[in-house]
Every structure is written in C-alpha cells, then in structure tokens.
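Report on one structure; see the data block that follows.
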Amino acid sequence: MSHIPVLLSETIRILAPRDGARVLDCTFGGGGHAVAILEAADCRVLGCDRDPDAILRAREVKATYNDRFDFRQLKFSDLYEALESHPKFDGVLFDFGISSFQVDNASRGFSFSREGPLDMRMSASGLSAYDVVNSFSENDIARIIHMYGDEPYRRSGKIAMKIVRTRELDLIRTTTELREIVKSALGFEVIHKRYSNVDVATKTFQAIRIFVNDELREIDCALSQLPKILNNKARVATISFHSLEDRIVKNWAKLSNDGFVSITKPAIRTTKEEILSNPRSRSAILRGFEYNCNWGDVDNGDFTR
Ligand SMILES: C[S@@+](CC[C@H](N)C(=O)[O-])C[C@H]1O[C@@H](n2cnc3c(N)ncnc32)[C@H](O)[C@@H]1O
Numbered sequence: 027m028s029h030i031p032v033l034l035s036e037t038i039r040i041l042a043p044r045d046g047a048r049v050l051d052c053t054f055g056g057g058g059h060a061v062a063i064l065e066a067a068d069c070r071v072l073g074c075d076r077d078p079d080a081i082l083r084a085r086e087v088k089a090t091y092n093d094r095f096d097f098r099q100l101k102f103s104d105l106y107e108a109l110e111s112h113p114k115f116d117g118v119l120f121d122f123g124i125s126s127f128q129v130d131n132a133s134r135g136f137s138f139s140r141e142g143p144l145d146m147r148m149s150a151s152g153l154s155a156y157d158v159v160n161s162f163s164e165n166d167i168a169r170i171i172h173m174y175g176d177e178p179y180r181r182s183g184k185i186a187m188k189i190v191r192t193r194e195l196d197l198i199r200t201t202t203e204l205r206e207i208v209k210s211a212l213g214f215e216v217i218h219k220r221y222s223n224v225d226v227a228t229k230t231f232q233a234i235r236i237f238v239n240d241e242l243r244e245i246d247c248a249l250s251q252l253p254k255i256l257n258n259k260a261r262v263a264t265i266s267f268h269s270l271e272d273r274i275v276k277n278w279a280k281l282s283n284d285g286f287v288s289i290t291k292p293a294i295r296t297t298k299e300e301i302l303s304n305p306r307s308r309s310a311i312l313r314g315f316e317y318n319c320n321w322g323d324v325d326n327g328d329f330t331r
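So, in structure tokens, the structure goes:
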C-alpha cells in the first residue's frame, strides 16, 4: 500500500520553498509532497490531515526531519482556529480528495471494488455512508448523487429508488452491496459503450463520499481562511481531481478580494507519462497562486521566483 504524490515537481516549483520558510501541507496523507518540500530546501513543514491514520505516517517523517516537521490532526475548517497563534506560512498545499492509503484500506469503505463496511469517513467519526444510504429519503439520496456525482437526474433517481427498495428488505451494509444496487438500478445502461471504461458505481461513491465529508464546504472554508495565516508573497498550490473542487478554487481566486494572483495560466495537468505510471493522477489539475497585498506585482503565468 503506497501513495504516489501527483504532479510532484510542478507543485514544488509553485511552492518554491526557501531555506527558513514555513510551509503548510493541509493534506498530508502519506507525506509524499511534504517530504519533497522538506528535501527542496532547509524549510519547516507543518503537515495536517483530518484522518487519524495519517498520524502513523507523520511519525515516520518526524523521525527523519525532527524539528523541521510537525503534524496536527485537523480539518480545513479548523485551520485558522488551530493555527491562529502559529507563525504565518510562506506556502500552503492542498492536494484534495482521498489518498491511496484510504482507498486501498477496505475497512474504510471508500472503494467499490473492495468489500468493506459502508463508511467513507476521512475523520473516522460523524455521519457515515451507511447512515446516508440507510436513513436518508429517496429524494435526498437522488439529490446527493446528482449534485456531487454529476449523474444525470434520471440516473440518480433510478439509483436512489433502488437503494430505498433494497433497504426495505434489509439494511445495506457493504461497499459491494451498494455497487451491485447501482449496477442493477441502471440495468442496460451498464453495458452501454459510453459507460464501459468507468465503473458504473464511480459517481455514486464519489457523491456519497463528498457529502459525508462535507468536502466542498471544507475547501471553501479553507481558502477563505488563508489570508489570516499567510505571509505576504506566500505561495498556494491546489490540486483538484474533479470539476466540483476545481470550480471552487477558480471562483475563490476570481472573487477573492484578498490578493491571490494566479501564477499558473493555464492550469497544469498531468502528462501522458505521469498518467501511465500513476493512473490516479489522470484528472488532476494543479493551480498556483501568490498571496500579494499589492495587486499587479506578479507576472501571471511564470511561477519561478
Ligand atoms: C490526495 S491525499 C494527499 C496525499 C499527499 N499529498 C501525499 O503526497 O501523500 C488527500 C488527503 O487530504 C485529507 N483531507 C481531505 N479533506 C480534508 C479536510 N477537509 N481536512 C483535512 N484533511 C483533509 C485526506 O484525509 C487525505 O489524507
């Protein structure tokens, strides 16, 4: 079980860590990006993640980098409260979504291809996928699948109806049960060529995961707190994996009056070579920003310092 960090060298170029800088990795995961930042300069990294399982991996990084590295288990929405008294940062990284550690661990219930309990909670606490599937109304389930999975409304409705009919007979407990329900709800559409490359349950699983972890509101919250924890000229790197995440980043950058200037125009995408060696990187979109109180000081599109 390992996690290959996505767009690694491009991310480091955006963050451009310098000796003595402080960098915040808000999505520590397996620590791949954090270690690369620590290797790029004699800087300090604070790794954060809401997942308690990340603590073990953080201990390994701490053992190598000692007081250059620290870790806190926290959610994006708690960033400011937790770091209010921390010295400000010169760089921040968000590598959104879930890690291979989470997907590959069947007991976390993120994967439709591994039999496990319907869980999907990154923080390992609070509302779970089981609660959504077994207690939400048909309308609410359809709405979640449509909004967060980008399933057309007709398909979302069919899936929600099948979920509710199935749970009337017995509770839905596992990831593979849910996948079979989605498959049978969509019937002949499953074998339609258009859907043949992607598992039919992908969008439903993505939708329930995003809802359970309140992922979109978390991203919104994190971005809006940045001015309070950044030094002037700090760099921000965001890696999104679907259009819902990327739209929030783009809107934040467009509407924010806080002086975040894009330094990656156009956004950076993975090369064919990276996709071949790490298929999970396929949909990644990397954006870079510089926090700049004096608008207009930055040449857009050139992210070398
Ligand atoms: C794609 S992985 C990051 C992988 C990491 N960059 C690496 O190289 O190993 C995303 C991580 O962000 C964490 N995460 C997602 N949303 C979060 C949130 N709202 N607050 C804190 N951590 C979050 C997940 O638990 C997961 O470990």
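Take any residue in the sequence shown, note its place counting from 1, add 26, and you have its number in the numbering used here.
Beta carbons: idealized from backbone N, C-alpha and C, even for Gly.
None of these values were measured; they are calculated from a predicted model.
For residue i, the three-state DSSP class (helix, strand or coil)
i: Y43; result: It is Pro, not Tyr, that sits at residue 43 in the sequence shown. Here P43 sits in coil by DSSP.
i: E141; result: coil
i: R199; result: coil
i: K219; result: Residue placement at K219 is flagged as unreliable, the pLDDT there being 49, under the threshold of 50; a coordinate-derived value is accordingly withheld.
i: D157; result: helix
i: K280; result: helix
i: R261; result: strand
i: F122; result: coil
i: V32; result: coil
i: F115; result: strand
i: S288; result: strand
i: G175; result: helix
i: R76; result: coil
i: S151; result: coil
i: N318; result: coil
Beta-carbon proximity list for residue i, same chain, < 6 Å, skipping 5 on both sides
i: P7; result: This structure leaves residue 7 out entirely; the chain is present only between 27 and 331.
i: F97; result: G73, A84
i: G170; result: Per the sequence shown, the amino acid found at residue 170 is Ile instead of Gly. Only A233, F237 meet the Cβ criterion.
i: Y156; result: L144
i: K219; result: In this prediction, K219 has a pLDDT of 49, which is less than 50 and means its spatial position is unreliable; what the coordinates show is noted afterwards. Around K219: no qualifying Cβ.
i: R76; result: K101, M148, S149
i: N239; result: M148
i: S309; result: F267
i: D116; result: A47, R48, N257, A260
i: K184; result: A211
Cβ neighbours of residue i in the same chain (closer than 8 Å, five flanking residues each side left out)
i: W278; result: D246, L249, S250, F286
i: D68; result: D45, G46, R94
i: D225; result: F138, S139, R205
Own chain partners of residue i with C-beta closer than 7 Å, once the 5 adjacent residues on each side are dropped
i: V129; result: F136, S137
Integer Cβ distance of residue i from residue j, believed to fall under 8 Å
i: F127; j: A84; result: Contact doesn't hold; Cβ gap of about 12 Å is too wide.
i: H29; j: S125; result: 5 Å
i: R313; j: A293; result: 5 Å
i: A66; j: I38; result: 5 Å
Heavy atom of ligand 1 within 7 Å of residue i beta-carbon
i: G314; result: no
i: F102; result: yes
i: T53; result: yes
i: H59; result: yes
i: I124; result: yes
i: P305; result: no
i: H80; result: The identity of residue 80 in the sequence shown is Ala, whereas the question assumes His. Yes, the beta carbon of A80 sits closer than 7 Å to at least one heavy atom of ligand 1.
i: H172; result: no
i: R76; result: yes
i: H112; result: no
i: D45; result: no
i: Q128; result: yes
i: E107; result: no
Any C-beta of chain D under 8 Å from that of residue i
i: A211; result: In the structure shown, chain D cannot be found, because there is only a single protein chain.
Should the segment 107-117 be called in touch with the segment 167-187, which here means at least 3 C-beta pairs below 8 Å?
no
Taking contact to mean at least 3 C-beta pairs separated by less than 8 Å, is the segment 251-268 in contact with the segment 200-214?
no
Please determine if the segment 252-263 and the segment 308-320 are in contact, where contact requires at least 3 C-beta pairs separated by less than 8 Å.
yes
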